[in-house]
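J.: In the working numbering, the protein residues as written are 38 to 182.
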């Protein structure tokens, strides 16, 4: 196999950006089996196929805050594939998608809503000069300088 590339294993490895042991293993496998395909692996067979994985990836990207349980239910309802929540998490991780959690905030009371509305109405006519004296930050209310 290496002779097909016309060089030493180390040269081929450097050209392909892999270690020399990878080339050696592939050459040895090609000599004995005539192919460089991966061998069958032990373990449980995959429950999801390529289409299931693609559906999960697309749905997760369109619904960024969907939980693994929600994705599990969608996959079951739409594709008829029953998998565990852990399998969903594993697939998302494989796609480079991480779990997201919605920010928990205290709901506004009617009093808060009234006060916010009043504040907005009081400041709706402010000029840029007036706003330039306000320092905005992450505190609930702006600080007036």
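Beta carbons are placed, not taken as given, at the ideal position from N, Cα and C, and that holds for glycine.
Can you grab the Cα-Cα spacing for the pair residue 107 / residue 138, in whole Å?
T.: 13 Å
J.: Where do the N-terminal and C-terminal ends of the alpha helix (DSSP H) with residue 161 fall, by residue?
T.: Per DSSP, residue 161 belongs to no alpha helix (DSSP H) and is neither H nor E.
J.: Could you give the first and the last residue of the continuous alpha helix (DSSP H) run that contains residue 89?
T.: Going by DSSP, residue 89 is part of the alpha helix (DSSP H) stretching over 87 to 99.
J.: Between which two residues does the alpha helix (DSSP H) holding residue 48 run?
T.: DSSP places residue 48 inside the alpha helix (DSSP H), whose first and last residues are 46 to 53.
J.: Could you check whether residue 98 and residue 125 sit closer than 8 Å to each other, using their CB atoms as the reference points?
T.: no
J.: Quick check on the DSSP output: the alpha helix (DSSP H) that includes residue 127 runs from which residue to which?
T.: 122 to 131
J.: Taking only the alpha-carbon atoms, compute the straight-line gap between residue 95 and residue 129 and give it to the nearest angstrom.
T.: Cα to Cα, residue 95 sits roughly 10 Å from residue 129.
J.: Answer yes or no: the CB of residue 147 versus the heavy atoms of the ligand FAD, is any distance below 7 Å?
T.: Only the bare structure without any ligand can be found here, which leaves the ligand FAD out of the picture.
J.: Between which two residues does the alpha helix (DSSP H) carrying residue 57 extend?
T.: 57 to 70
J.: Can you have a look at residue 89 and say buried or exposed, based on whether 16 or more other CB atoms are within 10 angstroms of its CB?
T.: buried
J.: Please report the distance separating the alpha-carbon of residue 136 from that of residue 102.
T.: Using only the alpha carbons, I get a separation of about 8 Å.
J.: Suppose you measure from the CA of residue 123 to the CA of residue 85; what does that come to, to the nearest Å?
T.: Taking the straight line from one Cα to the other gives about 13 Å.
J.: Using 10 angstroms around the beta-carbon of residue 142, count the other beta-carbons present and answer buried if the total reaches 16, otherwise exposed.
T.: exposed
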